[in-house]
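The structure appears below as structure tokens.
Numbering (the numbering used here), first residue to last: 89 to 394.
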């Protein structure tokens, strides 16, 4: 009887050991696979040199390219400086690309998940010129109760479709204007000591008093004007060649001891008002609202500017 009990005990112990072995192996394999999946989508933000995006339904690729002192955005038509804050927000989202779970390995499900070449937004990351991430960003599901978004993604060279947190698709499926610098002016109004319109109409501040010529003027009039134009932005980008000087209607120069001089220019090209600021050298804007605010509302205008 004792021998029989020992045999049963040994059998139970053997089964338990075998069970532990297979469970451990399964857990280790599962963890390795999950770590591999996560590692496959990791990038080093400090090494990112180019971000390429091909939006849904578009044949051309838009590129965000790191330069010596910032970023630029380009497509087949234009190449201009890019908004670094917008790109930094995108990079933070890219760093959060980590698979939560496997959606499917079945190619027949790609269409449903919107991760085919024709239904997805393509996102490619280059680190020092080498591709480190190449994925298709597809379907997004919004959970109103949890107020969360889940997005389906697939590596270009893989069959697996994964789910990730966040709505990166909304961030990358955008036009080139969404990445351009919209700033028109950005200066401290209180730092301006001189306002010069066309070199002939000048306001100067001396000992906290503004003068127009040799006549003192109401401080609030000038202060309100400067405050109203100190921080302007526009999305009405001008396309085509930069306007020639012969189309320039007026120039305002703002200067002071504790500021970089700012030059604001106004053009009339092909029945449109175009404005430019040295606060954003690369861009010209078809913006009649800014043109009016900066030039028509200039205090003590002596000449008519239409």
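No residue lacks a Cβ here, since even glycine has one placed at the ideal position from N, Cα and C.
Given the structure is predicted, the values throughout are model-derived calculations rather than measurements.
Under the three-state reduction of DSSP output, residue 196 falls in the helix class. Annotation: residue 166 to residue 177 spans about 23 Å, alpha carbon to alpha carbon. Residue 344 holds the alpha-carbon nearest to the alpha-carbon of residue 281 among 229, 160, 193, 344. For residue 223, the enclosing beta strand (DSSP E) starts and ends at 218-231. Residue pairing of residue 300 in beta bridges, as defined by DSSP: 291, 303. Two segments are said to touch when three or more pairs of C-beta atoms, one from each, lie closer than 8 Å; by this definition the stretch 222-233 touches the stretch 251-258. In this structure, DSSP gives residue 381 a helical state, which the three-state scheme calls helix. Within the same chain, and ignoring the five residues on either side of residue 356 in sequence, the residues whose Cβ sits closer than 7 Å to its Cβ are 335, 337. Scanning the stretch 131-213 for uninterrupted beta strand (DSSP E) segments of 3 residues or longer gives 136-142, 150-155, 158-162, 167-169, 189-192, listed from N- to C-terminal end. Under the 8 Å Cβ criterion, the stretch 185-193 does not count as touching the stretch 155-172, having fewer than three qualifying pairs.
CA-CA distance, residue 315 to residue 277, rounds to 6 Å. Shown here, residue 311 sits in a helix according to DSSP, grouped into three states. Residue environment analysis places residue 352 among the buried positions, since at least 16 neighbouring C-beta atoms fall within 10 angstroms of its C-beta. Non-local beta-carbon contacts of residue 222 in its own chain, meaning distances under 6 Å to residues more than five positions away in sequence, involve 212, 244 in chain order.
Each of 318, 205, 332 was checked against the Cα of residue 147, and the nearest Cα belongs to 205.
For the stretch 248-282, the continuous beta strand (DSSP E) assignments of 3+ residues that do not extend past its boundaries occur at 249-253, 271-274, in sequence order.
Counting along the chain, the unbroken beta strand (DSSP E) around residue 338 starts and ends at 336-343. Look at residue 376 here: in three-state DSSP terms it is helix.
Inter-segment contact for the stretch 371-382 and the stretch 312-330 is present: three or more beta-carbon pairs are separated by less than 8 Å.
Here the C-alpha atom of residue 306 lies approximately 19 Å from the C-alpha atom of residue 381. Counting of Cβ neighbours within 10 angstroms places residue 170 among the buried residues, the total reaching 16 or more. In this structure, the straight-line span from the alpha carbon of residue 273 to that of residue 289 is close to 21 Å.
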